[in-house]
Amino acid sequence: MVHERASNSNGRELTGVIHGGDWQGAVDRYGWKVEEILDFSANINPLGPPVGVLETLKENLPAVQRYPDPASRRLKEALADQLQVDTGAIIIANGAVELIYLIMQVLKPDRVLVVEPTFGEYRRAATIAGAEVLPVYLDPATGFTFDFDRWRPELQRSQVAFICNPNNPTGRLLNPDILHRAASLCREQGVFLVMDESFLDFVPDGDKFSLVPQAAAGPGIFILHSLTKIFALPGLRLGYGVGCPDMVRRLENSRDPWSVNILAQMAGVAALADKEYLKKTRELIRREKEYLFHNLSGLAGFRPYYPEVNFILTNIQNGCLTVSRLAELLARKRILIRDCSSFPGLGPAYFRVAVRDHRANKRLVAALKEIMEES
Numbered sequence: 001m002v003h004e005r006a007s008n009s010n011g012r013e014l015t016g017v018i019h020g021g022d023w024q025g026a027v028d029r030y031g032w033k034v035e036e037i038l039d040f041s042a043n044i045n046p047l048g049p050p051v052g053v054l055e056t057l058k059e060n061l062p063a064v065q066r067y068p069d070p071a072s073r074r075l076k077e078a079l080a081d082q083l084q085v086d087t088g089a090i091i092i093a094n095g096a097v098e099l100i101y102l103i104m105q106v107l108k109p110d111r112v113l114v115v116e117p118t119f120g121e122y123r124r125a126a127t128i129a130g131a132e133v134l135p136v137y138l139d140p141a142t143g144f145t146f147d148f149d150r151w152r153p154e155l156q157r158s159q160v161a162f163i164c165n166p167n168n169p170t171g172r173l174l175n176p177d178i179l180h181r182a183a184s185l186c187r188e189q190g191v192f193l194v195m196d197e198s199f200l201d202f203v204p205d206g207d208k209f210s211l212v213p214q215a216a217a218g219p220g221i222f223i224l225h226s227l228t229k230i231f232a233l234p235g236l237r238l239g240y241g242v243g244c245p246d247m248v249r250r251l252e253n254s255r256d257p258w259s260v261n262i263l264a265q266m267a268g269v270a271a272l273a274d275k276e277y278l279k280k281t282r283e284l285i286r287r288e289k290e291y292l293f294h295n296l297s298g299l300a301g302f303r304p305y306y307p308e309v310n311f312i313l314t315n316i317q318n319g320c321l322t323v324s325r326l327a328e329l330l331a332r333k334r335i336l337i338r339d340c341s342s343f344p345g346l347g348p349a350y351f352r353v354a355v356r357d358h359r360a361n362k363r364l365v366a367a368l369k370e371i372m373e374e375s
């Protein structure tokens with residue numbers, strides 16, 4: 001795979017982060033049609049986009065001849081109503097990733113605290129900004145549970161701390177008490193806390209794990225949130241952030257103009273209007289993650305970590321098969337998984353699969369059984 005390259009402020013060449021969802025690479029390599037691929041490598045809602053979103057896009061295609069609203073006013077209003085915060089506390093973005101890089105650009109920290117393994121763009125954005133990354137590694141023996149006592153000493157050396165909750169790729173949530181202790185400590189020590197809640201919509205009662213009210217109420221905490229994962233819109237790129245109005249203004253003033261296209265803004269408004277969609281999503285994920293976890297647990301040598309979201313991290317323990325080999329064998333069956341060897345804190349024996357609909361999950365389980373029987 002060829003990676004894009006970038007340089008940080010010290011001129012060092014960087015390699016781009018590897019992500020799931022590379023369907024085009026699979027099409028080019030194997031000559032398949034995209035419709036033939038079962039993609040478990042990207043953590044996207046298996047329901048697909050809400051019907052109202054697809055209808056909105058179809059009806060409004062001619063709108064591409066107009067500039068998008070640079071302030072995304074209608075979408076901000078819809079989110080403010082849902083989140084019960086002021087529109088001044090919200091920034092709409094071209095995916096949550098845009099905000100990660102904007103935050104680093106605006107704050108220019110010397111040291112950034114990152115809990116690994118986690119989403120790779122935190123580390124990359126910090127490095128490009130010239131910051132030193134201070135990693136705190138989660139322990140597989142504890143199921144990758146957030147270790148407050150190991151995290152706390154490193155916080156004293158940092159200006160910015162990233163936490164992904166629920167965490168990608170481990171699928172774990174922070175205990176609410178630990179979550180609020182971490183947020184309070186960051187404010188006490190003057191460390192800017194960036195909390196990525198991009199997968200929280202998949203969690204029943206996710207509101208009790210959210211720091212949105214605290215972020216909107218005062219400085220020092222900022223929430224990242226993706227709309228493309230929960231509403232199955234990764235091709236449009238759409239996300240938002242919540243923070244105090246002063247921080248939102250600083251980010252708005254530093255961004256590229258018109259970064260959120262007009263169709264993405266319309267799709268976001270239509271998606272938020274479908275109040276039943278999240279209920280259906282959570283019920284599907286609840287049911288299918290149990291099925292997938294149970295069947296992965298039943299495969300000899302496989303050690304899946306129980307998920308609280310829509311993806312499952314799994315360790316191959318018997319050494320009879322590497323993840324790269326497993327990914328290749330599954331790819332021959334037109335199934336894509338996420339090889340997690342590129343995540344700091346994980347090795348060549350970890351992979352991640354998204355929770356999909358029952359038919360797709362059954363096909364994955366059957367394929368894994370065939371491969372393990374032949375190994």
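What the sequence shown shows, in full-length UniProt numbering, is residues 1 to 375, in sequence order. Quick reminder that beta carbons are idealized off the backbone N, C-alpha and C, glycines included. Computed from a prediction, not measured in an experiment: that's the story for all the values here.
Less than 7 Å between the beta carbons of T228 and N167, yes or no? no
In the DSSP assignment, find the beta strand (DSSP E) that holds L313 and state where it starts and stops. Counting along the chain, the beta strand (DSSP E) containing L313 begins and ends at F311 to I316.
In terms of residue numbering, what span does the alpha helix (DSSP H) encompassing G120 cover? G120 to I128
Buried or exposed for T142, going by 16 or more other Cβ atoms inside 10 Å? exposed
Below 8 Å on the Cβ atoms is my contact criterion, and I expect L134 with S158 to pass it. Report the Cβ-Cβ distance as a whole number of Å. 6 Å
If I measure Cβ to Cβ from V112 and keep anything under 6 Å in the same chain, skipping five residues before and after, which residues do I get? A126, A131, V133 and V160
The alpha helix (DSSP H) spanning F148 covers which residue range? F148 to L155
State whether the region 325-340 contacts the region 243-263, with contact taken as three or more CB pairs (one from each stretch) at a distance under 8 Å. no
Between the Cα of residue 393 and those of V248, L292 and Y30, spot the shortest distance and give me the residue it belongs to. No information on residue 393 is available, as it lies outside the stretch 1 to 375 that the chain covers here.
To the nearest angstrom, how far is it from the Cα of Y350 to the Cα of F146? 19 Å
Span of the alpha helix (DSSP H) around D180: According to the sequence shown, residue 180 is His rather than Asp. Element bounds for H180: P176 to Q189.
According to DSSP, which residues form a beta bridge with V53? DSSP output for V53 lists no bridge partner at all.
Contact under 7 Å by Cβ, residue 385 with N45: The chain is shown only over 1 to 375; residue 385 falls outside these bounds and no answer can be derived.
Just to confirm before moving on: does the CB-CB distance between F148 and A354 stay below 7 Å? no
What does the alpha-carbon distance come out to for the pair E373 and F209? Each residue's alpha carbon lies about 41 Å from the other.
Nearest-angstrom Cα distance between R150 and V136? Taking the straight line joining both Cα atoms gives about 7 Å.
Among A26, D22 and E154, nearest to A42 - alpha-carbon criterion: The option with the nearest alpha carbon to A42 is D22.
When you compare only the Cα positions, how much space is there between F199 and E276? 18 Å
Taking only three categories from DSSP, how would you classify F199? coil
Could you compute how far the alpha carbon of A216 sits from the alpha carbon of I100? Straight through space, the alpha carbons of I100 and A216 are spaced by roughly 18 Å.
Between the alpha carbons of G190 and Q156, how many angstroms are there, rounded? Per the coordinates, the alpha-carbon of G190 lies some 9 Å from the alpha-carbon of Q156.
Could you check the C-alpha separation between A6 and R124 for me, to the nearest Å? The predicted position of A6 is uncertain, since its pLDDT is 43 and thus under 50; a value taken from the coordinates is nonetheless stated next. Their Cα atoms are separated by approximately 9 Å.
Suppose the cutoff is 7 Å on Cβ atoms and the five residues either side in sequence are ignored; what does the same chain contact list for A278 look like? The question names Ala, but residue 278 in the sequence shown is Leu. If you ignore the 5 residues before and after L278, its C-beta comes within less than 7 Å of the C-beta of D201, all in its own chain and listed in chain order.
Could you give the C-beta distance for R74 and V269, rounded to a whole number, given that I count them as a contact under 8 Å? 5 Å
By Cβ distance, which residues of its chain are closer than 6 Å to residue 435, with the 5 residues on each side in sequence left out? This structure leaves residue 435 out entirely; the chain is present only between 1 and 375.
Rounded to a whole number of angstroms, what is the C-alpha to C-alpha distance between M195 and R66? Straight-line Cα distance between these residues: approximately 34 Å.
Considering only their Cβ atoms, is the gap separating I91 from L251 smaller than 7 Å? yes
Per DSSP, what are the beta-bridge partners of D339 in this structure? Its beta-bridge partners are F351.
Just verifying my parser: in three-state terms, what is the DSSP assignment at S226? strand
Any idea which residues DSSP pairs R111 with across the strands? E132
Between S341, K108, S72 and D246, which lies nearest to A352 when the distance is taken from Cα to Cα? The amino acid at residue 352 is misidentified as Ala; the sequence shows Arg. Per the Cα distances, S341.
Mind checking whether P307 and L296 have CB atoms under 7 Å apart? Taking a C-beta distance under 7 Å as the contact criterion, P307 and L296 do not qualify as a contact pair.
Residue from P109, L299 and I371 whose Cα sits closest to the Cα of R325: Of the candidates P109, L299 and I371, the one whose C-alpha sits nearest the C-alpha of R325 is I371.
Which whole-angstrom value is the C-beta distance of L272 and Q82, which I expect to be below 8 Å? 6 Å
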